[in-house]
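Peer 1:
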Amino acid sequence: MLSPSKKLLYLMALTPSSAQKAKEYSVTKTFKFKEDIFLKFHPLLTAIGPQGSADVLMSALDDFADEFKQVWIEQIEQNLLDGGCEVEEMRKPKFELCEWKYPDRYDVDELPTPGQCYAYEDGFVQRIYYKIDKLEITCPEDFSYDDLDKAAYAEAAFADQDFLNIINPPDSGCDGNALEECLFSSAETVEWVEGYEVCNAELYINRFVDVPVYLKCLDTDGYGRKIANKLIKALDKYFEMVVSVVLTEKIMEQAPEGHVYNLASPYASDRKYCAHGAYYAGGNLVNQIPGDDGILITKFTYGFDVIWFKPKNFNEKKLLRDIEYIINEIFEDGDFLEFLEEEYPDYDFIQDVEVCEVVGPDEVTFPPTEEPTYQPTEGPICDVDTNDGCTEGQVCRLSCVWQSSEPQCFPDDEERDCTDKYGPGYICLD
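FYI, in the numbering used here the residues of the sequence shown are 42 to 471.
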């Protein structure tokens with residue numbers, strides 16, 4: 042028969058320890074999920090774009106994946122159910138950016154990366170998705186997916202600025218020359234934030250079309266498609282180099298807590314910013330008249346999109362309300378003539394120009410115009426010496442109504458006065 046002391050030891054051996062009980066009643070669950078985080082980068086010169094800087098960001102996140110995973114494991118084991126759980130397995134996260142909901146509605150290459158907002162001053166918040174294919178956790182009691190404090194774990198992962206040292210290594214210059222590749226070289230902090238609430242400005246597009254530009258340039262008898270297209274190319278380039286810079290400055294004066302990302306063409310065709318009016322049959326350029334000094338005034342138009350982060354309290358309808366006069370002021374310094382001569386050094390008709398400037402709309406009155414053709418007419422369409430190209434009974438000659446460098450077909454060669462057609466005061470040139 043066992044003594045009382047030995048009996049007690051025997052009973053203790055048969056009783057499971059607390060650790061054994063925990064093991065016996067543990068709960069193991071496996072999760073697969075996709076969540077998002079919001080990272081604020083500060084300061085940046087501009088928003089994160091789809092070319093270059095987005096690749097740098099995603100590459101840095103991939104390099105940070107192991108650190109992200111390790112912090113999560115530590116946080117779960119320290120805090121889930123007061124620290125009684127163990128991570129059996131966790132795969133590295135896979136990071137990805139948002140996608141545009143309707144990418145066919147706009148050229149997304151002109152836009153910053155989706156899921157981005159602006160936090161004044163010089164801060165940008167980017168939404169990023171992370172996907173964890175397997176997270177296996179064992180706990181001493183039942184738990185659910187909602188018990189995982191994913192926001193706290195993610196915040197802890199970015200708390201020590203280890204990610205900053207990856208995307209902007211200390212004492213390391215940027216090897217790229219493009220702003221996109223070197224964007225993060227100015228970043229001093231990368232921090233986890235709760236969401237878009239920290240931003241004061243959101244992505245917005247203001248569209249401006251048919252902004253008139255009255256160009257007083259060339260003293261020929263008129264010009265058509267070929268010359269006009271050369272001027273258009275020059276006006277496009279001048280817009281990119283000069284006009285867009287001034288417009289950006291004007292926008293920031295109006296809305297200093299916003300940020301201009303880009304000025305882009307609103308057209309899906311090859312057209313960029315500038316255009317001229319439609320043609321009549323025969324290649325005549327509409328809205329073109331000689332000024333009092335004989336120099337031609339031709340109406341061109343600018344069109345552009347302002348892609349910017351608009352402050353939430355700013356009325357977008359007030360942006361650049363005096364755009365027509367702003368553009369006129371830009372051309373007043375006379376630099377466009379010098380710019381034009383540098384662009385076309387081999388064209389004598391440009392090199393001989395003494396005046397090429399923009400005049401105000403109140404200085405121009407165009408005669409009424411007929412309905413233009415839908416497509417430009419290639420010219421010349423006829424031969425003034427032989428009338429080839431015209432139907433029987435028609436005469437090939439220059440127009441006396443429309444200033445043009447290209448001849449066209451007319452019913453006769455006699456009409457030289459347009460008073461009957463347009464009223465007193467309109468003089469036709471022979």
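Even glycine gets a Cβ: it sits at the ideal position worked out from N, Cα and C.
According to DSSP, is residue 149 part of a helix, a strand, or is it coil?
Peer 2: In the three-state reduction of the DSSP assignment, residue 149 falls in the helix class, which pools H, G and I.
Peer 1: What are the start and end residues of the alpha helix (DSSP H) that includes residue 160?
Peer 2: Not the alpha helix (DSSP H): residue 160 falls in the beta strand (DSSP E), residues 157 to 160.
Peer 1: Among residues of its own chain, excluding the 5 on either side of residue 214, which ones have a beta-carbon nearer than 8 Å to its beta-carbon?
Peer 2: Excluding positions up to five away in sequence, the list reads 226.
Peer 1: In chain order, what residues of the same chain have a beta carbon less than 6 Å from the beta carbon of residue 135, not counting five sequence neighbours either side?
Peer 2: Only residues of its own chain outside the window of five on either side were considered, and among them 172 have a CB closer than 6 Å to the CB of residue 135, listed in chain order.
Peer 1: Does residue 101 pass the burial test, meaning 16 or more other C-beta atoms within 10 Å, or should it be called exposed?
Peer 2: buried
Peer 1: Among all the DSSP beta bridges, which residues are the ones paired with residue 168?
Peer 2: Within the DSSP bridge table, the entry for residue 168 names 79 as partners.
Peer 1: Can you grab the Cα-Cα spacing for the pair residue 254 / residue 289, in whole Å?
Peer 2: 19 Å
Peer 1: When DSSP labels each residue in this structure, what does residue 328 get in the three-state scheme?
Peer 2: coil
Peer 1: At the level of alpha carbons, what is the spacing between residue 407 and residue 371?
Peer 2: So the two alpha carbons sit approximately 23 Å from each other.
Peer 1: Enumerate in chain order the residues of its own chain whose CB-to-CB distance from residue 120 is below 8 Å, with the five nearest sequence positions on each side excluded.
Peer 2: 190 and 193
Peer 1: Exposed or buried, which one is residue 53 when buried takes at least 16 other CB atoms within 10 Å?
Peer 2: Summary for residue 53: the model assigns pLDDT 43, below 50, so the residue's position carries little reliability; its value from the coordinates is reported in the next sentence. Exposed, because fewer than 16 other Cβ atoms sit within 10 Å of the Cβ of residue 53.
Peer 1: Run through the region 328 to 380 for me and flag every whole beta strand (DSSP E) of 3 or more residues, listed as ranges in chain order.
Peer 2: 329 to 331 and 337 to 352
Peer 1: If you drop the 5 nearest sequence neighbours on each side, which residues of the same chain put their C-beta closer than 6 Å to that of residue 113?
Peer 2: 194
Peer 1: Skipping 5 residues on each side, what residues in its chain have a beta carbon closer than 7 Å to that of residue 72?
Peer 2: 176 and 186
Peer 1: When you compare only the Cα positions, how much space is there between residue 379 and residue 236?
Peer 2: 50 Å
Peer 1: Evaluate residue 427 with the Cβ neighbour count: other Cβ atoms within 10 Å of its Cβ, from every protein chain shown; 16 or more gives buried, anything less gives exposed.
Peer 2: Burial state of residue 427 is exposed, judged by a 10 Å Cβ sphere holding fewer than 16 other Cβ atoms.
Peer 1: Going by beta carbon distance, what residues of the same chain come within less than 6 Å of residue 10, once the five residues before and after it are set aside?
Peer 2: For the chain, the structure presents residues 42 to 471; residue 10 sits outside this window and is missing.
Peer 1: Nearest to residue 479 by CA position, among 326, 96 and 69, is which residue?
Peer 2: Absent from the structure is residue 479, since the part of the chain shown begins at 42 and ends at 471.
Peer 1: In whole angstroms, what is the alpha-carbon distance linking residue 368 and residue 400?
Peer 2: The alpha-carbon separation between residue 368 and residue 400 amounts to approximately 10 Å.
Peer 1: Following the continuous beta strand (DSSP E) through residue 127, name the residue where it begins and the one where it ends.
Peer 2: 127 to 131
Peer 1: Do you know whose CA, among 91, 93 and 132, lies nearest residue 75's CA?
Peer 2: 132
Peer 1: Hey, quick one: how far does the alpha helix (DSSP H) through residue 182 stretch, first residue to last?
Peer 2: Neither: residue 182 is in no alpha helix (DSSP H) and is coded neither H nor E.
Peer 1: Closer than 7 Å by C-beta to residue 389: which residues in its own chain qualify, once you throw out the five before and the five after it? Chain order, please.
Peer 2: none
Peer 1: What is the rounded straight-line gap between the Cα of residue 138 and the Cα of residue 79?
Peer 2: 11 Å
Peer 1: Do residue 250 and residue 304 have their beta-carbon atoms positioned less than 8 Å apart in this structure?
Peer 2: no
Peer 1: Kindly indicate the opening and closing residues of the beta strand (DSSP E) around residue 122.
Peer 2: Run containing residue 122: none; DSSP gives neither H nor E here.
Peer 1: For residue 454, which residues from the same chain have a beta carbon less than 8 Å from its beta carbon, with the 5 sequence-adjacent residues on both sides left out?
Peer 2: Cβ neighbours of residue 454 beyond the five flanking positions: 436 and 438.
Peer 1: Which same chain residues, not among the five before or five after residue 258, have their C-beta less than 6 Å away from its C-beta?
Peer 2: 397
Peer 1: Residue 493 bridges to which residues according to DSSP?
Peer 2: This structure gives no information on residue 493, because the portion of the chain shown stretches from 42 to 471.
Peer 1: Judging by CA-CA distance, which residue of 207, 159 and 85 is the nearest neighbour of residue 107?
Peer 2: 207
Peer 1: Near residue 50, what residues of its chain come up, given a Cβ to Cβ distance below 7 Å and the 5 sequence neighbours on each side ignored?
Peer 2: Below a pLDDT of 50, predicted positions are generally treated as unreliable, and residue 50, at 40, falls in that range; the measurement from the model is reported next regardless. Cβ neighbours of residue 50 beyond the five flanking positions: none.
Peer 1: Grouping DSSP H, G and I as helix and E and B as strand, with all else coil, what is residue 452?
Peer 2: Residue 452 falls in the coil class under three-state DSSP.
Peer 1: Going by beta-carbon coordinates alone, are residue 233 and residue 184 separated by less than 8 Å?
Peer 2: no
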